[in-house]
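Residue numbers (our numbering): 3 to 403.
Here it is in structure tokens:
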């Protein structure tokens with residue numbers, strides 16, 4: 003047999019060389035839907051891209067996966083950039099992905115929505131957790147870049163509106179990879195040392211990339227954990243960041259954050275003027291009422307001639323005393339007459355009166371009054387009570403009827 007015989011490894015390597023030498027396969031974009039997405043402990047990502055009629059195995063090594071701005075998920079439409087080559091051990095070709103982006107939406111937008119949904123599900127946006135903003139803060143810490151226009155605007159507004167507040171600038175980076183840790187550190191430091199009554203965290207406007215530090219998960223959790231109330235003042239009014247949803251109050255701009263943080267001095271002075279006017283008016287009305295009452299009291303007779311007032315009361319007392327004496331005499335006389343009538347009736351009913359007319363009362367040995375012959379029997383001893391004496395006698399005979 004004159005034809006050469008190749009091993010499996012040789013064929014796989016030959017195909018690999020062919021693909022590696024094809025300039026089209028060396029760098030191309032592929033659009034598809036993610037499937038079987040897996041992240042291994044090594045940091046490498048393995049997945050499949052598919053469409054309606056086919057599938058393509060893909061791998062993204064850790065060095066490339068670390069640059070992802072969003073979290074890939076199964077079913078997500080993506081565009082991948084990389085090279086097609088063969089893995090000689092399996093003899094299968096696959097796409098070695100260097101870049102992966104969401105199809106139709108920017109990576110940062112997808113990452114923003116993913117983090118937003120995650121923190122919302124955990125309750126970091128709940129209104130019940132938000133702390134009230136102090137009405138008259140004594141110290142305000144501004145966490146932002148010391149070189150930007152935002153910090154100057156905030157200081158200017160605070161000094162104009164409420165110069166009583168002490169403003170503390172805690173400078174941090176607000177852009178780049180080092181910005182989130184610095185913002186987190188400043189928030190934690192302010193809470194640990196209680197440097198202020200209120201925190202204003204933010205920066206001026208910019209692109210979504212410029213504002214991305216305030217879409218960082220660690221920054222969001224630091225704001226949520228802050229015991230000091232936090233006002234998020236990031237970008238311009240149309241801009242929304244994760245920090246805005248977690249903070250106790252969202253301001254449209256840094257200047258607006260300063261306006262929301264403190265009352266306006268002019269409004270306070272106007273309010274004090276109103277209080278002063280109302281107090282003066284109330285005091286005037288009260289004094290007028292007291293003066294009127296004093297005039298009424300001064301016009302009374304007791305105040306004009308106290309002696310006549312006492313004499314009038316003495317005459318009233320004499321009159322009442324006379325009436326009381328007369329009423330007492332009438333009452334005593336009436337009671338005396340009623341007593342005499344009752345005594346007369348009682349005397350007429352007295353047994354002693356009966357005895358005085360020649361009658362007597364017979365009582366038995368038990369002291370009971372003998373009312374009929376049936377109450378005694380022969381041989382019983384009786385006592386006969388007369389008006390002034392008594393006789394003891396013995397029953398010789400009993401006659402009924």
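By construction, the Cβ of each residue, glycine as well, lies at the ideal position given by its N, Cα and C atoms.
Nearest neighbour of residue 362, chosen from 349, 389, 337, 339 [CA to CA]: Closest option to residue 362, Cα to Cα, is 389.
For residue 348 and residue 334, what's the separation of their Cα atoms in angstroms? So the two alpha carbons sit approximately 21 angstroms from each other.
Segment limits, alpha helix (DSSP H) that includes residue 185: Segment 181–195, the alpha helix (DSSP H) holding residue 185.
Start-end ranges of the beta strand (DSSP E) lying completely within the stretch 72–124, minimum 3 residues: Correct list: 79–89, 94–104.
What would DSSP say about residue 226, mapped onto helix, strand or coil? Residue state, collapsed to three classes: helix.
Just how far apart, CA to CA, sit residue 64 and residue 46? Residue 64 and residue 46: Cα-Cα distance of roughly 5 angstroms.
Could you pull out every residue in the same chain whose Cβ sits closer than 7 angstroms to the Cβ of residue 232, ignoring the five residues on either side in sequence? Take residue 232, set aside five residues on each side of it, and the residues of its chain with a beta-carbon closer than 7 angstroms to its own are 201, 203, 225, 249, 250, in chain order.
Would DSSP call residue 47 helix, strand or coil? Strand at residue 47.
Taking the C-alpha atoms as reference points, what is the distance between residue 131 and residue 36? Rounded to the nearest angstrom, the two C-alpha atoms are 37 angstroms apart.
Go ahead and label residue 222 buried or exposed: buried means 16 or more other beta carbons lie within 10 angstroms of its beta carbon, across all protein chains shown. Buried is the call here.
Going straight from the alpha carbon of residue 188 to that of residue 286, what length do you get? The alpha-carbon atoms of residue 188 and residue 286 are separated by roughly 54 angstroms.
I'd like to know whether the C-beta atoms of residue 247 and residue 118 end up nearer to each other than 8 angstroms. In this structure, residue 247 places its C-beta atom within 8 angstroms of the C-beta atom of residue 118.
Below 6 angstroms CB to CB, which residues in the same chain sit around residue 1 once its five sequence neighbours on both sides are set aside? Because residue 1 is not part of the residues shown, which for the chain are 3 to 403, the question remains open.
contact_flag[the stretch 161–170, the stretch 260–268] where n(CB pairs < 8 angstroms) is 3 or more: Yes: at least three Cβ pairs fall under 8 angstroms.
Report yes if the C-beta distance between residue 87 and residue 18 is below 8 angstroms; otherwise report no. Cβ atoms of residue 87 and residue 18: closer than 8 angstroms.
How about the stretch 82–102 and the stretch 22–33: do they share at least three Cβ pairs that are nearer than 8 angstroms? Segments in contact, yes.
Taking only three categories from DSSP, how would you classify residue 61? DSSP places residue 61 in the strand class (E or B) of the three-state scheme.
Measuring alpha carbon to alpha carbon, tell me which of 74, 96, 40, 69 ends up nearest residue 14. Comparing Cα-Cα distances from residue 14 to each of 74, 96, 40, 69, the minimum goes to 96.
Rounded separation between residue 255 and residue 237 - CA only: Each residue's Cα considered, the two are about 6 angstroms apart.
On the criterion of 16 or more Cβ atoms from any shown chain inside 10 Å, does residue 279 qualify as buried, or is it exposed? Around the CB of residue 279, fewer than 16 other CB atoms lie within 10 Å, so the residue is classed as exposed.
Relative to the alpha-carbon of residue 369, which residue among 215, 242, 384, 380 has its alpha-carbon at the smallest distance? When C-alpha distances from residue 369 are compared across 215, 242, 384, 380, the shortest belongs to 384.
Across which residues does DSSP place residue 1 in a beta bridge pair? Residue 1 cannot be examined here, being either before or after the span of the chain that is shown, 3 to 403.
If you draw a straight line from the alpha carbon of residue 205 to that of residue 44, how long is it in whole angstroms? Using only the alpha carbons, I get a separation of about 37 angstroms.
Buried versus exposed, by CB contacts within 10 Å (16 or more), residue 77: That one is exposed.
With a threshold of 6 angstroms on Cβ separation, who are the neighbours of residue 73 within its own chain once the five nearest residues in sequence on each side are excluded? Only 116 meet the Cβ criterion.
Does DSSP classify residue 344 as helix, strand or coil? Three-state DSSP puts residue 344 in a helix.
Which residues in the same chain have their Cβ closer than 6 angstroms to the Cβ of residue 66, if we skip the five residues on either side of it in sequence? Once the five neighbours on either side are set aside, the close Cβ partners of residue 66 are 100.
Per DSSP, which residues does residue 387 bridge with? Please list them. Looking at the DSSP output, residue 387 bridges to 363, 392.
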